[in-house]
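Enquirer:
Protein chains in written order, with the working numbering: chain A, 55 to 251; chain B, -1 to 790.
#1: Considering only DSSP beta bridges, list what residue 245 of chain A is partnered with.
#2: When burial is assigned at 16 or more other CB atoms within 10 Å of the CB, is residue 572 of chain B buried or exposed?
#3: Is the beta carbon of residue 164 of chain B closer than 8 Å to that of residue 62 of chain B?
#4: For the segment 368 to 405 of chain B, list the beta strand (DSSP E) runs that are entirely contained and at least 3 residues long, ordered along the chain.
#5: Does residue 337 of chain B come out as helix, strand or coil in the three-state DSSP assignment?
#6: By DSSP, does residue 737 of chain B sit in helix, in strand, or in coil?
#7: Tell me which residue opens and which closes the alpha helix (DSSP H) that residue 265 of chain B is part of.
#8: Starting from residue 156 of chain A, find everything on chain B with Cβ-Cβ shorter than 7 Å and list it in chain order.
#9: Let me check understanding here. Comparing Cα to Cα, which of B:488, B:254 and B:629 lies closest to residue 641 of chain B?
#10: Of all the residues that make up the segment 225 to 237 of chain A, which are near chain B by a beta-carbon distance shorter than 8 Å?
#11: Please tell me whether residue 96 of chain A has its Cβ less than 8 Å away from any Cβ of chain B.
#12: For residue 80 of chain A, decide whether its Cβ has a neighbour in chain B, counting only Cβ atoms nearer than 8 Å.
#13: Let me make sure I understand the geometry here. Which of A:136, A:152 and A:172 has the alpha-carbon closest to that of residue 145 of chain A?
#14: Would you kindly report the start and end of the unbroken beta strand (DSSP E) that includes residue 168 of chain A?
#15: Which of the three DSSP states, helix, strand or coil, is assigned to residue 577 of chain B?
#16: Are there three or more Cβ pairs, one per stretch, closer than 8 Å when the segment 699 to 706 of chain B is compared with the segment 648 to 662 of chain B?
#17: Can you list, in chain order, the residues of its chain with a C-beta nearer than 6 Å to that of residue 391 of chain B? Leave out the 5 residues immediately preceding and following it.
#18: Would you identify the three-state DSSP class for residue 92 of chain B, choosing helix, strand or coil?
#19: Using a Cβ-Cβ cutoff of 8 Å, what residues of the segment 473 to 507 of chain B are near chain A? List them in chain order.
#20: Under a three-way DSSP split, which group does residue 285 of chain B fall into?
#21: Report the residue from A:97, A:93, A:99 and A:106 whose alpha carbon sits nearest the alpha carbon of residue 25 of chain B.
#22: Against chain A, with Cβ distances strictly below 8 Å, would residue 33 of chain B count as a contact?
#23: Does chain A have any CB closer than 8 Å to the CB of residue 772 of chain B?
#24: Please list, in chain order, all residues of the same chain as residue 376 of chain B whose beta carbon is under 6 Å from its beta carbon, the five residues on each side excluded.
#25: Under a Cβ-count criterion, where at least 16 other Cβ atoms within 10 Å of its own Cβ denotes burial, should residue 476 of chain B be classed as buried or exposed?
#26: What is the residue span of the beta strand (DSSP E) that residue 201 of chain A lies within?
#27: Who are the near neighbours of residue 672 of chain B in its chain, counting only those whose CB is closer than 8 Å to its CB and skipping five residues on each side?
#28: Residue 212 of chain A touches chain B at which residues, Cβ-Cβ below 9 Å?
#29: Could you tell me the alpha carbon to alpha carbon distance between residue 141 of chain A and residue 550 of chain B, rounded to whole angstroms?
#30: Measuring CB atoms only, is the segment 225 to 243 of chain B touching the segment 220 to 235 of chain A, in the sense that at least three cross pairs come out at less than 8 Å?
#31: Chain B beta carbons: is any one of them nearer than 8 Å to that of residue 252 of chain A?
#32: How many Å lie between residue 438 of chain B and residue 192 of chain A at the Cα?
#33: Just list the residues that DSSP pairs residue 563 of chain B with in beta bridges.
#34: By Cβ distance, which residues of its chain are closer than 8 Å to residue 493 of chain B, with the 5 residues on each side in sequence left out?
#35: Check whether chain B comes within 8 Å of residue 77 of chain A, counting only Cβ atoms and requiring the distance to be less than that.
#36: Which class does residue 547 of chain B belong to by DSSP, given the choice of helix, strand or coil?
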């Protein structure tokens, strides 16, 4: 679970800060207050624990976000660091792990559904609904064409030979399990992940 | 890994071979340095390239890429002839004493039974007694016992033969052998760390088998600081392996074959029988695992009367395979309609890039869910973006493939569990929402599946039952939570509705469901065990049993029963992972029945033999690993020139599957990763792109001098598949090797670039061949042939 304590600490600290601020305003000149060092950007963050998505050492990371909880604010990641509690990495990270924030917030992240029509020279943006309708139709048509309920010897084989599926190694067990239900629902056999590459 | 990262610090000897953890698993490598600091462990690094791992090792030996089995075969020979193996362990815990059928042998590069390009394995089998148990000779003297056959088989692997094949000197080999076999002492442990340097070969599985044999001879399996440890290259490559592939269902249950038409027939073929009277043979529980999986898949539709829905699981034709090389070859032949890719990039990571691009251009449709626009999503732009590099690619106008590129959430935007290479299932939290219209993969999968199902409900169609009967009973079917899924995977008692405590509670009567039996115990009535953050370490061995959850059964060291002798006395009393107190085993979760006395059954409970296999008849090219040359090799096989490459080598015959010879392509090429990049992803992030912005070609000094190349000179590297260009990096790291009396040069090629991203460069797999391991289908990315020319 996300650490509720940090939220509570945040409130406590803010309240205390306001009270002290109230007193300070009366006694400290404005210029001195402005020159006081700013708190660390991670001082008021919400912390979530996560695992580095790169190699398989499995380093734990702490993802610091600002702006959550308030209903009208989208949380944003301000920092990702190694988790000192992990017996594997004890807070350390390699150069790739240390720059994970850039991976999450890369300006190359895909944020829209893109479609390339047959023979087209370009991507066009479509909605999820359009994409789902089209993709489901393609899958259904291919399955109806390629599904083999029985083989030449009349044995029940219920297999689909003309659609392949790959992936999963970049995602969680649970996603992999859902992919297995998806592929066995279709009857798809040609299925591989990065473990063979 | 049989053991785990934190356990590596228990080693007395660390053999790093086929991997480079200092650069590619830097944080994991700290446990190697801990072993060195705390136990004065010796580090032995065997690698074609002098890596940063080599730089901190006690001994580095260079070898020619693809000759690791010769080196390990030499170690087996050395251990047996110099009496540097743990005799009691071998007697008690391996199949060394098992008798093999009459007629088994090896000559001219082939095992017995070789005929017309195929093996008949009749002579590779155990000799059985009247009750179906394997006959044994505990003295290991019988001429047909595994121990004697092994001794004979490896008698050819003398230090001189090893040196001649591998390209090191016999002295270097002997130094390494002396250091590695320190672990033969009962109170010493040695670990083996490997990665893709071992698996990217056309004999990868046999290579790992050879390593396992060495570790068994040293008595290192089941020991802290021991084991055979794959470091693995993706965050959840272990989990995706655990969840199945073309030939496996979740939990390493085999996908049915067409001749296994009913559940009863499937279970009969796939449930092993004990091969010794004292073998627990845990896979005897296969009916419980399989029935519970079918209940998880088909829910109320799975009944005893319909074999729990077994008929809806697809059946593979006998002899057929649907591995990577095969279905991309079928795609290339125009036999495939569509491909769905969740987070994979075949144009970059499949062998023979031009063939991958051409194969995709023959699809009717392609669906890609990704964080970034990858080369696979953009394959139809290859001509536009990198015409010079991919001249065989078609113009976009001539490619009729319809492409859907779906923006998917990244790791920090989803919860769920990754399994690291230590088999630890570590739960992560979702920190933020995906950006823009990007969606979490579980929602994409659910929407797509339910949309297809809705079409079958509305229109009917071909065999709708498998689609309609797959259980999808999440609280919000279009938005399943990964918590719901994780609970389903763990398994449920369908009578009480309670989460199962572990796979010991599974039943074969339909009263339990379980999505993956090896994960059972990961989410019990006590909650999510994968999210645990406990710091305790009761054994003092760095096993951290309350941090996350390890499959199976939270066991941290596999085969740990073998850390003690057959009476239960630990080989090393100072670091026993489990101990027998007269009533129960304590310490790590025992790989044994928890309350069974040490002498009541054999140690390897997962194998029908009850002991580990030195002799492994289930592999396709032989029960013992043998040195074969890579599919493309600069020399003839010194052991048997008439059987050069793996006799069972898997290749394909399309017009794009060319192979070269040393006449045109005289140099051995290896591919590798750099510390600053992750695979083909980090060319989309700033710092990695800045730290390693450019592709380069690592050229050995002597070859560079011959060709007038200095660092920075532009060179062309070509193979039978294509060519690429880049600046040379002249290096001492790739030593000139002497192989079969001649000089062999090796060329180093880092992999991380492509035609989309913040930085661009050639895709290395443009050069690699469609040559695959016949057991598991890994391609040969190490040890293929190239030519090198100076062009700048």
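Ideal Cβ placement from N, Cα and C applies to all residues, glycine included.
Remember, predicted model here, so these are calculated numbers, not experimental data.
Expert: On the basis of the coordinates in this document:
#1: Within the first chain, numbered from 1, the residue matching residue 245 of chain A stands at position 191. In the DSSP output, where bridge partners are listed per residue, residue 245 of chain A has A:219.
#2: To locate residue 572 of chain B, count along the second chain from 1; it is residue 574. Exposed, by the Cβ-count rule.
#3: The residue you call residue 62 of chain B lines up with position 64 of the second chain. The residue you call residue 164 of chain B lines up with position 166 of the second chain. Going by C-beta atoms, residue 62 of chain B is nearer than 8 Å to residue 164 of chain B.
#4: 400 to 405
#5: Here residue 337 of chain B refers to the residue found at position 339 of the second chain. Residue 337 of chain B falls in the strand class under three-state DSSP.
#6: The residue you call residue 737 of chain B lines up with position 739 of the second chain. Note: residue 737 of chain B maps to strand in three-state DSSP.
#7: The residue labelled residue 265 of chain B in the question sits at position 267 within the second chain. Unbroken alpha helix (DSSP H) run through residue 265 of chain B: 261 to 268.
#8: Taking the first residue of the first chain as position 1, residue 156 of chain A is located at position 102. Under the 7 Å cutoff, chain B gives 683, 684 and 685.
#9: In the second chain, residue 641 of chain B corresponds to position 643, counting from 1. When only C-alpha atoms are compared, the closest one is B:629.
#10: 225, 226, 227, 228, 229, 230, 231, 232, 233, 234, 235 and 236
#11: Taking the first residue of the first chain as position 1, residue 96 of chain A is located at position 42. False, the Cβ-Cβ gap to chain B never drops below 8 Å.
#12: Residue mapping note: residue 80 of chain A aligns to position 26 of the first chain, counting from 1. At residue 80 of chain A the pLDDT is 45, less than 50, meaning the model places this residue with poor confidence; the figure from the coordinates comes in the next sentence. Judged by the 8 Å Cβ criterion, residue 80 of chain A is not in contact with chain B.
#13: To locate residue 145 of chain A, count along the first chain from 1; it is residue 91. The residue with the shortest Cα to Cα distance from residue 145 of chain A is A:136.
#14: For the purposes of this step, residue 168 of chain A is taken as residue 114 along the first chain, with counting starting at 1. Unbroken beta strand (DSSP E) run through residue 168 of chain A: 167 to 170.
#15: Numbered from its first residue, the second chain carries residue 577 of chain B at position 579. Of the three classes helix, strand and coil, the one that applies to residue 577 of chain B here is strand, per DSSP.
#16: no
#17: Residue mapping note: residue 391 of chain B aligns to position 393 of the second chain, counting from 1. Only 355, 380 and 381 meet the Cβ criterion.
#18: Taking the first residue of the second chain as 1, we reach residue 92 of chain B at position 94. It is a strand residue.
#19: 478, 480, 483, 484, 486 and 487
#20: Within the second chain, residue 285 of chain B is the residue found at index 287, counting from 1. Correct three-state label for residue 285 of chain B: helix.
#21: Translated into positions along the second chain, residue 25 of chain B becomes position 27. Among A:97, A:93, A:99 and A:106, the Cα nearest to that of residue 25 of chain B is on A:106.
#22: Start at 1 with the first residue of the second chain, and residue 33 of chain B comes out as number 35. Cβ-Cβ to chain A under 8 Å: no for residue 33 of chain B.
#23: Within the second chain, the letter at position 774 stands for residue 772 of chain B. So no, residue 772 of chain B is outside the interface.
#24: Looking up residue 376 of chain B in the second chain gives position 378. Closer than 6 Å at Cβ, skipping near neighbours: 754.
#25: Within the second chain, numbered from 1, the residue matching residue 476 of chain B stands at position 478. With fewer than 16 Cβ atoms within 10 Å of its Cβ, residue 476 of chain B is classed as exposed.
#26: In the first chain, counting from the first residue as 1, residue 201 of chain A sits at position 147. 201 to 204 is the span of the beta strand (DSSP E), which, as asked, contains residue 201 of chain A.
#27: By one-based count along the second chain, residue 672 of chain B stands at place 674. Answer for residue 672 of chain B: 21, 690, 748 and 750, listed in chain order.
#28: Along the first chain, read from residue 1 onward, the residue named residue 212 of chain A stands at position 158. Neighbours of residue 212 of chain A on chain B, chain order: 309, 310, 311, 312, 313, 461, 463 and 464.
#29: On the first chain, position 87 is the one that residue 141 of chain A refers to. On the second chain, position 552 is the one that residue 550 of chain B refers to. Roughly 20 Å separates the two Cα atoms.
#30: yes
#31: The structure shown does not extend to residue 252 of chain A, since chain A is modelled only from 55 to 251, so the question has no answer here.
#32: Along the second chain, read from residue 1 onward, the residue named residue 438 of chain B stands at position 440. Along the first chain, read from residue 1 onward, the residue named residue 192 of chain A stands at position 138. One C-alpha to the other measures close to 22 Å.
#33: In the second chain, the residue the question calls residue 563 of chain B occupies position 565. Residue 563 of chain B is not bridged to any residue.
#34: Numbered from 1 along the second chain, position 495 holds the residue referred to as residue 493 of chain B. The residues are 509.
#35: Residue 77 of chain A sits at position 23 when you count from the first residue of the first chain. For residue 77 of chain A, the pLDDT reaches just 40, beneath the cut-off of 50, and the residue's location in the model is therefore unreliable, leaving the point undetermined.
#36: Indexing the second chain from 1 puts residue 547 of chain B at position 549. Correct three-state label for residue 547 of chain B: strand.
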